[in-house]
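Chemist: Note that the sequence shown covers residues 224 to 358 in my numbering.
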Amino acid sequence: MSRPIITKGKTGIGNFGVGVMPDGTSDTLRVLIKPDGFHFLPSDFDDLILPHIVFGTPNGSKYDLSFNDDGELMINGNKLVTSTNQEDETIAGNKTHTGLMKLEGGLQLSSPNGTIFNVHVNDDGSLNAEEVKDA
224 MSRPIITKGK TGIGNFGVGV MPDGTSDTLR VLIKPDGFHF LPSDFDDLIL PHIVFGTPNG
284 SKYDLSFNDD GELMINGNKL VTSTNQEDET IAGNKTHTGL MKLEGGLQLS SPNGTIFNVH
344 VNDDGSLNAE EVKDA
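(1) Work out the CA separation of Leu-273 and Asn-317 for me, nearest whole Å.
(2) Determine the closest residue to Ser-333 out of Lys-257, Lys-356 and Thr-319, with distance taken between C-alpha atoms.
(3) Can you check the segment 279-313 for any alpha helix (DSSP H) of at least 4 residues that lies completely inside it and give the ranges in chain order?
(4) For Leu-330, which residues in the same chain have their Cβ closer than 7 Å to its Cβ, ignoring the five residues on either side in sequence?
(5) Measure the CB-CB distance between Ser-284 and Met-297 and report whether it falls below 7 Å.
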């Protein structure tokens, strides 16, 4: 059920609460706000479009959440990009990491011509790069 088009909607305030005629007729006054709360129907929100939502933090910072045309979540206009913690994942784009980063299982680097090297560190802290040969 979708909400009918409002052509001659009216509002009213009285001892019953706040009412409106969302159906566009004079005999369909429906009370939406009463002392015990709000009384909306799902169809009251059929055409609700929120281009963005702004959330505030306890210290007063504001964060704007929206979606781009591809359906990707945007925070303050920046696309949210997170790793999925899945195996064999490729994360594209430039990233800046702050703080300590630990790599377990090894490190591979690619040279400008595409040669892949395994990077190792010995107990003295010396680095060694070894070319990965095709298997």
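Yeah, the Cβ is synthetic: ideal placement off N, Cα and C, and Gly gets one too.
Modeler: In short, the structure shows the following:
(1) Between Asn-317 and Leu-273, the C-alpha separation is close to 31 Å.
(2) Considering only alpha carbons, the answer is Lys-356.
(3) If you keep only unbroken alpha helix (DSSP H) runs of at least 4 residues inside the segment 279-313, you get nothing at all.
(4) Val-342.
(5) For the pair Ser-284 and Met-297, the CB atoms are not nearer than the 7 Å cut-off.
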